[in-house]
Amino acid sequence: MVIECPHCGERHEDEFVYGGDVRHARPENPDALSDAAWRDYIYSVPNTKGWAKEHWWHVRGCNRWIVVQRNSVNNELRSETDENYHG
Amino acid sequence: MKYSALNLAWQGVRNHRGWRRAWRHATPKKAYDAIIIGGGGHGLGAAYYLAKKHGITNVAVLEKGWLGGGNTARNTMTIRDNFIYPDNARFHHAAVKSWHTLSSELNFNMMISKRGMTTVLMSDRDLSDAQRMINTTALFGAEHRIIDIEELQQRLPMAVSPARLPIVGGVYHPDVVMARHDAVAWGYARAASNLGVDIIENCEVTDIIRDAKGVTGVETSLGNILTRKLGMAVAGHGKHVAAMAGVELPIETVPLQAMVSTPVKPFLDNIVVLRGFNTYFMQSDKGELVMGSGTDPYPSYSQRGAPQIPEATIAAILQVFPSLERMQFMRQWAGILDLTYDNSPIISKTEVDGFYIDVAGSGGFKTTPLAAMMHADLIANDRPDPLIEAYSLERFSTGRLILERASYGNR
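Okay, structure coming up:
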């Protein structure tokens, strides 16, 4: 897989660390959460089959977190628009 | 038709024209007492034990593709017993034993080959970890022992000398066996079919139908089928099938890769594990080297896997066995594992009445007969056997996880 980093250009996936689906966000107010909802946040991930937006950490490159669209069926990648990138 | 030497000779005389299909071709009935989703080893086994042990013979197994075409076909056939935590150690020790009588029970040759497993240790930390594993697993009956460098070299004569690598010794685990993976699916299918179970291939479950009391049936590509008891033994897509019943499973789907070389003359009887490299390999009965890696570093449904993983596996094997440098690849593939956060299976009831699951085996080939037996018992009696109480779905709410390190997906 060759991932396009908006800061560094096309780089091999070995430079990146997978950071999870962007929809799997920490709840705004954990204290108000039920046990079941807390369990879902900790242990359940969207596990999408197909296209999903994901965080990737360019740890062996510019060290920034970026958002990448990946198809989990065949690992095809799509570039994101700039405003969706973090950092 | 019983398979025996006598029958083989008799069929030989008749030019092998008398063999019959191993299992009946079935078309779905309107309703069943129980339905199992998934025609791999676990699902077919569950159907067999429902019929054999619990007298529930009005059962169907629904398989999206062909029998044993999922992870039953994609594993590396290794049956080991080196799990550390009490619940896992107890379960896996019983699971290894459940293979011993399977061939005679099903009248189908599982081609059990007792190999033993040798783990190469390369640091003092490996050694103390191994000692801890040996002590804890011994409490549940598993047999391992530390071997010195001399014995290690005897068992693995082609490994490099410890002068080149910091090899400190090894662990020998004599109980490890290999079994023919296809035979597991075919043997269970034939035995279940003989007891009246309908095995329905090319039948995809598209939805699970419920009422206020629980499961009432399934929607499939071959029409609706009614049932009050539904078991799920699905690998790779467990989360999606369970979601049809409204059950949220804490599962992530990750490829686990393996590869096979061209066949060569026998030189290796043991299964070799290289600790710290996430790598193991063995020579199959056909002479091929079967090599296995750790899980891919990100979730995916791609049955190819990331290319840098086999590269690292081969590099590790060549460090310890440089003489294998000219071996040639035949094929490489990935099995799609459903992994739980604690790398332990879920064999459990769910919050939906009549919906039972046996998923996330994390390399569940080794537990096939026992997990299937326990799943059938769960479906028949609607309560877990003490052996699988720890594998409940509830453990993710209560926090009673089994953080196993002997599984593939170490996280």
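From first to last, the protein sequence lines are chains A and B. For the first sequence, this note's numbering begins at 1 and goes up steadily by one. For the second sequence, this note's numbering begins at 1001 and goes up steadily by one. Quick reminder that beta carbons are idealized off the backbone N, C-alpha and C, glycines included.
Judged by DSSP secondary structure, residue 1188(B) falls within the alpha helix (DSSP H) whose first and last residues are 1181 to 1194. By the rule that beta-carbons nearer than 8 Å mark a contact, residue 1253(B) touches chain A. Per DSSP, reduced to three states, the secondary structure at residue 1396(B) is helical. DSSP places residue 1224(B) in the uninterrupted beta strand (DSSP E) bounded by 1223 to 1226. With a threshold of 8 Å between beta carbons, residue 1093(B) makes no contact with chain A. Shortest Cα-Cα distance from residue 1181(B) to any of 1201(B), 1053(B) and 1067(B) involves 1067(B).
Residue-level contact by beta carbon fails for residue 31(A) and chain B, as no gap is shorter than 8 Å. With respect to residue 1260(B), residue 1288(B) sits close: the two C-beta atoms are nearer than 8 Å. Residue-level contact check: residue 1396(B) touches chain A, since one or more beta carbons of chain A fall below 8 Å from its beta carbon. In the DSSP annotation of this structure, residue 1027(B) is not part of any beta strand (DSSP E), being labelled neither H nor E.
In the DSSP annotation of this structure, the continuous segment of the beta strand (DSSP E) that includes residue 1282(B) starts and ends at 1279 to 1283.
In the displayed model, residue 71(A) falls within a strand according to three-state DSSP. Shown here for residue 1390(B): same chain residues with a beta carbon closer than 7 Å to its own, the five before and five after excluded, namely 1087 and 1402 in chain order. If you draw a straight line from the Cα of residue 1173(B) to the Cα of residue 73(A), it comes to about 38 Å.
Taking the Cα positions, residue 1167(B) is about 41 Å away from residue 1386(B). Secondary structure of residue 14(A) (DSSP, three-state): helix. Residues of the stretch 1344 to 1362 of chain B with a C-beta atom less than 9 Å from some C-beta of chain A do not occur.
By the C-beta density criterion, residue 1184(B) is buried, having at least 16 other C-beta atoms within 10 angstroms. Of all C-beta pairs linking the stretch 1102 to 1112 of chain B to the stretch 1129 to 1147 of chain B, fewer than three are shorter than 8 Å, placing the two stretches out of contact. Proximity of the stretch 1140 to 1151 of chain B to the stretch 1212 to 1227 of chain B falls short of the contact definition, fewer than three beta-carbon pairs being nearer than 8 Å.
In this structure the stretch 1357 to 1375 of chain B lies against the stretch 1046 to 1055 of chain B, because at least three pairs of beta carbons, one per stretch, are closer than 8 Å.
Looking at the backbone, the Cα of residue 1336(B) and that of residue 1241(B) are separated by about 15 Å.
Among the residues facing chain B, residue 67(A) is not included, as its CB has no counterpart in that chain under 8 Å away. Spanning the alpha carbons of residue 1327(B) and residue 1321(B) requires a straight line of approximately 11 Å. When rounded, the separation of the alpha-carbon atoms in residue 1263(B) and residue 1298(B) is 32 Å. For residue 1169(B), the uninterrupted beta strand (DSSP E) run begins and ends at 1169 to 1173, by DSSP. Note: residue 21(A) is bridge-paired with 54(A) in the DSSP secondary-structure output. Secondary structure remark: continuous alpha helix (DSSP H) runs of at least 4 residues inside the stretch 1325 to 1364 of chain B: none found. With contacts defined as CB atoms closer than 8 Å, residue 1042(B) and residue 1364(B) qualify as a contacting pair. In this structure, residue 1248(B) and residue 45(A) do not form a Cβ contact; the two beta carbons are roughly 11 Å apart against a cut-off of 8 Å. Contact check for residue 1205(B) against residue 1220(B) passes: the beta carbons are separated by less than 8 Å.
Each residue's CA atom was taken as its position, placing residue 1233(B) and residue 1122(B) some 38 Å apart. Minimum Cα-Cα distance from residue 1213(B) among the listed residues 1035(B), 1032(B), 1063(B) and 1352(B) corresponds to 1352(B).
Residue 1031(B) and residue 1110(B) have their alpha carbons spaced roughly 33 Å apart. The three-state secondary structure of residue 1086(B), taken from DSSP, is helix. For residue 1163(B), no beta strand (DSSP E) run applies, since DSSP gives it neither H nor E.
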